[in-house]
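Chains A and B are the protein sequences, given in the same order. The opening position of the first sequence corresponds to residue 1 in our numbering, with each subsequent residue numbered one higher. The opening position of the second sequence corresponds to residue 282 in our numbering, with each subsequent residue numbered one higher. Built from N, CA and C at the ideal position, the CB exists for glycine as well. For clarity, every value in this text was computed on a predicted model and none was experimentally measured. What follows is a single structure, written as structure tokens, with notes after it.
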Amino acid sequence: MKLRPPTGRRLTNLTVSIWAGASALLGIFILFWILYVVLVRGLGALNLEFFTHLPTPPGMGGGGLANAIVGTLFLTAAATLIAVPLGLMAGIYLAEFSEDSRAGDYSRFSANVLMGMPSIIVGVFAYALVVVPLGHFSGYAGALALSILMLPVITRTTEDMLRLVPNTLRESALALGAPRWKVTLAIVFRAAKGGLITGILLAVARVSGETAPLLFTALNSPYWFGSLGEPTPNLTVTIFNYAMSPYPDWQQKAWGASLLITFGVLILTVLARFLLREKKV
Amino acid sequence: MTPALRVVNGRKIKPSARGDRTFRWLTFFCSLLVPLVMLAIGLELISSSWPAVKQFGLGFFFSQEWNPVLQEFGAASSIFGTLVSTLIAMVIAVPLSLAIALFLVELAPPKVSRTVGTLIELLAAVPSIIYGMWGLFVFAPFMAHYVQPFLGQTFGFLPLFQGPPIGIGMLTAGIILAFMVLPFISAISRDVFQLVPPVVKESAFGMGATTWEVTYKVTIPYGLVGIIGAVFLGLGRALGETMAVTFVIGNAHRIAASLFAPGNTIASTLANEFSEATEPLYVSSLVALGLVLYLITYLVQVVSQMMLRRMYRAWSVGL
Numbered sequence: 001m002k003l004r005p006p007t008g009r010r011l012t013n014l015t016v017s018i019w020a021g022a023s024a025l026l027g028i029f030i031l032f033w034i035l036y037v038v039l040v041r042g043l044g045a046l047n048l049e050f051f052t053h054l055p056t057p058p059g060m061g062g063g064g065l066a067n068a069i070v071g072t073l074f075l076t077a078a079a080t081l082i083a084v085p086l087g088l089m090a091g092i093y094l095a096e097f098s099e100d101s102r103a104g105d106y107s108r109f110s111a112n113v114l115m116g117m118p119s120i121i122v123g124v125f126a127y128a129l130v131v132v133p134l135g136h137f138s139g140y141a142g143a144l145a146l147s148i149l150m151l152p153v154i155t156r157t158t159e160d161m162l163r164l165v166p167n168t169l170r171e172s173a174l175a176l177g178a179p180r181w182k183v184t185l186a187i188v189f190r191a192a193k194g195g196l197i198t199g200i201l202l203a204v205a206r207v208s209g210e211t212a213p214l215l216f217t218a219l220n221s222p223y224w225f226g227s228l229g230e231p232t233p234n235l236t237v238t239i240f241n242y243a244m245s246p247y248p249d250w251q252q253k254a255w256g257a258s259l260l261i262t263f264g265v266l267i268l269t270v271l272a273r274f275l276l277r278e279k280k281v
Numbered sequence: 282m283t284p285a286l287r288v289v290n291g292r293k294i295k296p297s298a299r300g301d302r303t304f305r306w307l308t309f310f311c312s313l314l315v316p317l318v319m320l321a322i323g324l325e326l327i328s329s330s331w332p333a334v335k336q337f338g339l340g341f342f343f344s345q346e347w348n349p350v351l352q353e354f355g356a357a358s359s360i361f362g363t364l365v366s367t368l369i370a371m372v373i374a375v376p377l378s379l380a381i382a383l384f385l386v387e388l389a390p391p392k393v394s395r396t397v398g399t400l401i402e403l404l405a406a407v408p409s410i411i412y413g414m415w416g417l418f419v420f421a422p423f424m425a426h427y428v429q430p431f432l433g434q435t436f437g438f439l440p441l442f443q444g445p446p447i448g449i450g451m452l453t454a455g456i457i458l459a460f461m462v463l464p465f466i467s468a469i470s471r472d473v474f475q476l477v478p479p480v481v482k483e484s485a486f487g488m489g490a491t492t493w494e495v496t497y498k499v500t501i502p503y504g505l506v507g508i509i510g511a512v513f514l515g516l517g518r519a520l521g522e523t524m525a526v527t528f529v530i531g532n533a534h535r536i537a538a539s540l541f542a543p544g545n546t547i548a549s550t551l552a553n554e555f556s557e558a559t560e561p562l563y564v565s566s567l568v569a570l571g572l573v574l575y576l577i578t579y580l581v582q583v584v585s586q587m588m589l590r591r592m593y594r595a596w597s598v599g600l
């Protein structure tokens, strides 16, 4: 049998290897390009006034986005308050009670599908559910939309994290006579604490950069945050409005807000990953 | 079997069956919430889009007309734009993501692989609107000055690359989408590559196959179901991505042959026009667009989940 010389095959292999390395480099390059641009353009906009003052009309100079910063914090907090308890409970059912249950299968499947649902669709849903009956835009609608986006993330990570807890721990607690709910909340939860916090952090990181579901729910407002019952100022919709405006000072504010959002989200994400890694080790 | 009353230290201890039953039902209802929300979104979209569907019928999907003043609405340009921008994104993102997965699993030393993997995953953490800011102010001018003139000169005989290089348009949106879905596809493909049993790969290496041959002839066929699942997951993301696209696509309600021309997608139309729509028929038409997007992404997600589930099940029995 005559062997084929390996030159051509080696060449193909080399080409593919270079292509693979170059692809990875391209991905990293894009990440740093974006971060660099956000950092350089954003830093110019940040000063004390940015964090403490209300926005000013275009061309006036000065002013800040303090109201939007506060509003974003409130919206995210409200969404977290709704989604965390519900998501944790749903995760408990899936991990602890859903053995061979059709409903569990379906719920898990829906959570995965809902995670990939475009966030703007969720915004339309919150609009129809809250804004239309109330007759005006409101922070509640925005918080609802964000909480719907968080729910499947928390549900699925809770399930995964609880499943990592060894069964012997549950059995020992049950053998001591503890009821199932106590075993779950006091023993299993404690063992999975790091993972659960990771899930919540990731969910918060995911929604705090969201814009699309807020566009026609929370809307935006140039005034101080009053209550979630009215249009609520927030950073992301402000970025959208300001970036699309023709005024350079507004566009610069948009970069400042972008810097806050980007690094806020990245820090949360990295923190979550760090917690998870510690747990794995 | 119900435990009887027990006496411990002279006190009667009631079996806690009731507490457990309540707990179980409570968690059960919470877990039902997710599919219920899913269903409620679909029903809401159907009922709110009904006026538009009744008014325009099937023609809604084929009409290019979009005129809020005359109350004439058609979805054709938005659907076209959604599909074209997604197609561009996938054509770019799939080979890149698979190459990255290959690099992470087969080529890079473990330490490099971990760092690079984390950085690629961080691409997924950057919010959509930041891609939009970068796309509009940095990447679109870059496209207009360097990439589009080059493409126009080289491939200008194709209608795809004709027209003024303004930076904003279908091609730029597609490329940015590609960067956004890349981390999703590459993360799952990496798992797929990693979970192929070493014995299978080593047998091929033992025959003298190169890394590329092992990947192409062993790893990819072996994990094909999972890779298809990963691609569909990315596809679903690209179809519904809103803010980044809204920033750079140009928002024109028309179908153009050239990829340099501005267009729109379902999601970008919703983002731009929903809060300004006042006429009931206008709102209803926008919701109808949303319904189309919901149905497409639902279908894509279901395919993706089925594929991934099949893969994980096959592995859990130790194939």
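In the DSSP annotation of this structure, the continuous segment of the alpha helix (DSSP H) that includes Ile466(B) starts and ends at Met451 to Leu476. Linking Ala78(A) to Leu476(B) through their CA atoms gives a straight-line distance of about 40 Å. Pairing Ala68(A) with Pro233(A) gives a Cβ-Cβ distance under 8 Å.
The C-alpha of Ile322(B) is placed about 19 Å away from the C-alpha of Ser549(B). With at least 16 other beta carbons inside 10 angstroms of its own, Gly64(A) counts as buried.
Under the 8 Å criterion on CB atoms, Met592(B) is classed as non-interfacial with respect to chain A. Secondary structure of Glu353(B) (DSSP, three-state): strand. For the pair Lys482(B) and Arg9(A), the Cα-to-Cα distance works out to about 18 Å. If the five residues before and after Ser119(A) are omitted, its C-beta is found closer than 7 Å to the C-beta atoms of Leu149, Glu210, Ala212 and Pro213, all from its own chain and listed in chain order. Distance from the CA atom of Trp306(B) to the CA atom of Asn47(A), rounded to whole angstroms, is 52 Å. Around the Cβ of Pro133(A), a 10 Å sphere holds fewer than 16 other Cβ atoms; the residue is exposed.
His534(B) counts as buried, since no fewer than 16 other beta carbons sit within 10 angstroms of its beta carbon.
Sequence-ordered contacts of the segment 498–532 of chain B with chain A read Leu514, Gly517, Arg518, Leu520, Gly521, Glu522, Thr523, Met524, Thr527 and Phe528 [C-beta pairs closer than 9 Å]. In this structure, the alpha-carbon of Val40(A) lies about 36 Å from that of Phe513(B).
Its chain contains Gly194, Ile197 and Thr198 as the residues whose beta carbon lies nearer than 7 Å to that of Leu275(A), once the 5 sequence neighbours on both sides are disregarded; these appear in chain order.
Under the Cβ distance rule, Arg190(A) does not count among the residues neighbouring chain B, no pair being separated by less than 8 Å. Closer than 8 Å to the CB of Gly59(A) there is not a single CB belonging to chain B. Short of 7 Å from the beta carbon of Pro422(B), and not among the five residues preceding or following it, lie these beta carbons of its own chain, in chain order: Gly448. Sorting Leu219(A), Glu49(A), Ile239(A) and Val237(A) by C-alpha distance to the C-alpha of Pro231(A) places Leu219(A) at the top. Between Thr238(A) and chain B, the shortest Cβ-Cβ separation is not below 8 Å. Only residues of its own chain outside the window of five on either side were considered, and among them Val165 and Leu169 have a CB closer than 7 Å to the CB of Ala191(A), listed in chain order. Residues Leu201 of the same chain have their beta carbon placed closer than 8 Å to that of Leu271(A), with the five preceding and five following residues left out of the count. In the assembly as shown, Thr491(B) is a buried residue. Its beta-carbon has 16 or more other beta-carbons within 10 Å.
Beta-bridge partners of Asn553(B) (DSSP): none assigned. Per the DSSP secondary-structure output, Gly531(B) pairs in a beta bridge with Gly544(B). Under DSSP, Asn348(B) takes part in a beta bridge, and its partners are Glu353(B).
Looking at the backbone, the Cα of Ser470(B) and that of Thr453(B) are separated by about 25 Å.
Around the CB of Thr523(B), 16 or more other CB atoms lie within 10 Å, so the residue is classed as buried. Per the coordinates, the alpha-carbon of Tyr503(B) lies some 26 Å from the alpha-carbon of Lys392(B). Taking 8 Å as the threshold, the shortest C-beta distance from Asp472(B) to chain A does not fall below it. Look at Asn234(A) here: in three-state DSSP terms it is coil, with no helix or strand label.
In the structure shown, Met60(A) falls within a coil segment according to DSSP collapsed to helix, strand and coil. Taking a C-beta cut-off of 8 Å against chain A, the contacting residues of the segment 316–344 of chain B are Pro316, Val318, Met319, Ala321, Ile322, Glu325, Leu326 and Ser329, listed in chain order.
Taking C-beta separations shorter than 7 Å and ignoring five residues to either side along the sequence, the partners of Ser98(A) in its chain run Gly104, following chain order. Secondary structure note for Gly194(A): its alpha helix (DSSP H) is the uninterrupted segment Lys193 to Ser208. For the set Arg277(A), Ile261(A) and Asn241(A), the Cα lying nearest the Cα of Pro58(A) is the one of Asn241(A).
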